[in-house]
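See below for the structure under consideration.
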Amino acid sequence: MFKFILKRVLEAIPTLFVLITFSFFLMRLAPGSPFTSERAYPPEVMANIEAKYHLNEPLHTQYFLYLKNLVKGDFGPSFKYKDQSVNNLIASALPVSLKLGTIAFCFAVTLGVAAGTLAALNQNSRWDYILMSCSMVGVIMPSFVFAPLLVLLFAITLGWLPAGGWNEGALSYILLPVASLTIGYVAGIARIMRGSMIEGCTPILFVPPRQKACPLHALF
1 MFKFILKRVL EAIPTLFVLI TFSFFLMRLA PGSPFTSERA YPPEVMANIE
51 AKYHLNEPLH TQYFLYLKNL VKGDFGPSFK YKDQSVNNLI ASALPVSLKL
101 GTIAFCFAVT LGVAAGTLAA LNQNSRWDYI LMSCSMVGVI MPSFVFAPLL
151 VLLFAITLGW LPAGGWNEGA LSYILLPVAS LTIGYVAGIA RIMRGSMIEG
201 CTPILFVPPR QKACPLHALF
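For the sequence shown, counting from 1, position 171 maps to 171 in my numbering; every step adds exactly one.
Right, dumping it as structure tokens:
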């Protein structure tokens, strides 16, 4: 198992390198810069900004500097938030993401297994059709479409839940994010669980004699 994981990690390194290189040059070759806005900066100010962020250096120098910092785990300063580094922004948001992801994962596994089991035990019944229809909607509808619909219904229209914020992880603030993260995985797990249970419970009507270790003369 360890060798398999190590092999996958080593195979992912070239792919990750290509993606990093492609995204870097794509962003650098795009017109404008992170500091391009409707209000033009004086040339002296723009020159100081470009020098601070190494944007005045040749493209290949910027690329190797970017790779060097990336290997060290330094993602550089934020272009949007003043006096903030990308590392600090990730560190502040990571606990929230981990909490939401863990809760969503637990709900997805629990509800997905329960829905798939119920559908398999009631195969071709009304419950089976309802659950599988709902799971199909969950599979084809991405979370970035489902989440605004939840906000529109429960936060804006009904006013039951807040539309955003965190408030130290209060229950009312995590319900909508967890629901939007959960629905797609519940649908996928339910369909897999149903198929696996039906396949496992289906009786084997015919097994070739050689697989039964039955001698051929016993058939005649």
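C-beta: ideal position from N, C-alpha, C; glycine also. Predicted, not measured: the structure shown is a model, and the values here were computed from it.
_Cutoff 8 Å: F17 Cβ touching any chain D Cβ_ = Included in the structure is just one protein chain, with no chain D present.
*Which of helix, strand or coil does DSSP assign to S125?*
Annotated three-state conformation of S125 is coil, per DSSP.
*Per DSSP, what kind of secondary structure is S97 in: helix, strand or coil?*
Taken through DSSP and simplified to helix, strand or coil, S97 comes out as helix.
*How would you label G164, buried or exposed, when you count the other beta carbons within 10 angstroms and need 16 or more for buried?*
exposed
*Hey, how far is the Cα of M193 from the Cα of L89?*
Their backbone Cα atoms lie some 38 Å apart in a straight line.
*In its own chain, which residues sit with a C-beta less than 8 Å from the C-beta of N69, not counting the 5 before and 5 after it?*
F75, G76
*Do V96 and W160 have their C-beta atoms within less than 8 Å of each other?*
no
_Can you list, in chain order, the residues of its chain with a C-beta nearer than 7 Å to that of W127? Leave out the 5 residues immediately preceding and following it._
L118, A119
*Between A47 and the rest of its own chain, which residues show a CB-CB distance below 8 Å, the 5 nearest in sequence each way excluded?*
N56.
*Residue range of the alpha helix (DSSP H) that includes E168*: No alpha helix (DSSP H) contains E168, which DSSP labels as neither H nor E.
_Whole alpha helix (DSSP H) elements within the region 36-106, 4-residue minimum_ = 43-52, 59-71
*Would you grab the beta carbon distance between G200 and S143 for me? Rounded to a whole angstrom, and I think it's under 8 Å.*
31 Å between Cβ atoms; not a contact.
*Tell whether a beta-carbon distance below 8 Å holds between R28 and L65.*
no
*Are the region 103-115 and the region 171-184 in contact at 8 Å, needing three or more beta carbon pairs?*
yes
_Only counting the same chain, and skipping five residues up and downstream in sequence, which positions put a Cβ closer than 8 Å to that of L121?_
M197
*Shortest alpha-carbon distance to K72 belongs to which of N87, A187, N124?*
Considering only alpha carbons, the answer is N87.
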